[in-house]
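>
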Amino acid sequence: MKRRNRLQIMAEILSLCKRPQAKTKVMYSVSLSWKVLVKYLSYLQSQGLLEVHNSPIKYATTPKGLSFVGKWTELAELI
């Protein structure tokens, strides 16, 4: 199994969160440990790519995050 790089992991998280998702759903779907997931979620939020919806707490991709996913997909198709 090939290791994923940081951008691939971020793209997977943002793709999954096009529909708001709970933290545990993201963790299992993207196959990350809790500690690593929290770091990624925090980073994506700080960059304005991911936002938190309250009650219940769910993570959702922002328009900027959707733009990133679209560009990442285009780039992946070229490679």
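Under my numbering, the first residue of the sequence shown is numbered 4, with each subsequent residue one higher. All C-beta atoms, glycine included, are put in the ideal place defined by N, C-alpha and C.
(1) With DSSP run on the structure shown, which of helix, strand or coil describes Lys61?
(2) Considering Leu52, what are the terminal residues of the beta strand (DSSP E) in which it resides?
(3) Among Arg7, Phe71, Trp37, Glu77, which one has its Cα closest to the Cα of Leu47?
(4) Could you pull the DSSP bridge partners for Gln24 from this structure?
(5) Give me the Cα-Cα distance between Gly73 and Lys67, rounded to the nearest whole angstrom.
(6) Starting from Leu19 and walking both ways along the alpha helix (DSSP H), at which residues does that stretch end?
Based on what the coordinates show:
(1) strand
(2) From DSSP, Leu52 is part of no beta strand (DSSP E); its letter is neither H nor E.
(3) Phe71
(4) Tyr62
(5) 10 Å
(6) 9 to 19
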